[in-house]
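All remarks here apply to the structure that follows.
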Amino acid sequence: MILITINYIFKQNETTFDDTKSEKIESDGDSISHMMQRRTSTRSNYQGQQDEDALHQYNIPLTSYEITQSSTEEYNRHLARLNYLTPEQIHIIKDIRRRGKNKIAAQNCRKRKAIGVESLSDEVDELKRIKHELEERKIAILQQITE
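FYI, the numbering used here numbers position 138 of the sequence shown as 141, with every residue one higher than the one before it.
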């Protein structure tokens with residue numbers, strides 16, 4: 004269904020898939036380096052502050068950094084050492100860890116995507132170069148045949 008929609012769009016615009024794809028990749032080329040830069044959003048800063056506030060409010064003696072950045076072993080040791088915590092406090096700790104780990108996974112995913120787009124862009128450029136060389140060879144061979 005998506006391909007049909009894409010073909011329909013290309014027929015309406017009277018462009019070919021090759022032209023549109025290369026334009027899209029070329030226009031995204033500038034944004035790849037932007038995607039690779041570390042982004043700090045207002046939302047993530049606000050969420051981090053909320054996490055710290057919740058830890059302070061519920062008297063949890065850990066920082067959000069300790070919760071999110073510690074290895075599984077260290078994290079389990081922290082929880083074992085803090086065996087006096089209430090289920091609500093443990094739930095808050097697990098929530099903070101889940102969000103922190105998800106944030107890291109999302110950052111890694113964006114990096115992989117940017118690298119993949121860059122790789123595909125390089126591949127398209129190489130294939131265009133090869134196509135151009137083959138077209139030149141074809142023209143040269145056709146000229147030799149007609150002579």
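C-beta: ideal position from N, C-alpha, C; glycine also.
- With fewer than 16 other CB atoms across the displayed protein chains lying within 10 angstroms of its CB, Arg115 is exposed.
- Assigned with DSSP and collapsed to three states, Tyr78 falls in helix.
- The beta carbons of Leu65 and Ile96 sit about 7 Å from each other, so the pair counts as a contact at 8 Å.
- Judged by DSSP in its simplified three-state form, Thr66 adopts coil rather than helix or strand.
- Counting C-beta pairs with one atom in each stretch, the region 88-102 and the region 52-59 have three or more that are closer than 8 Å, which means they touch.
- Going by beta carbons, Gln50 and Arg102 fall inside the 8 Å limit.
- Annotated as proximal: His81 and Glu69, with beta-carbon spacing under 8 Å.
- For Ser73, the three-state secondary structure derived from DSSP is coil.
- With a minimum length of 4 residues, there is no unbroken run of alpha helix (DSSP H) contained wholly in the region 113-148.
- Between Asp54 and Ser74, the C-beta spacing is not below 8 Å.
- By the Cβ neighbour-count rule, Thr71 is buried, with 16 or more other Cβ atoms within 10 Å of its own.
- In the structure shown, Tyr61 falls within a coil segment according to DSSP collapsed to helix, strand and coil.
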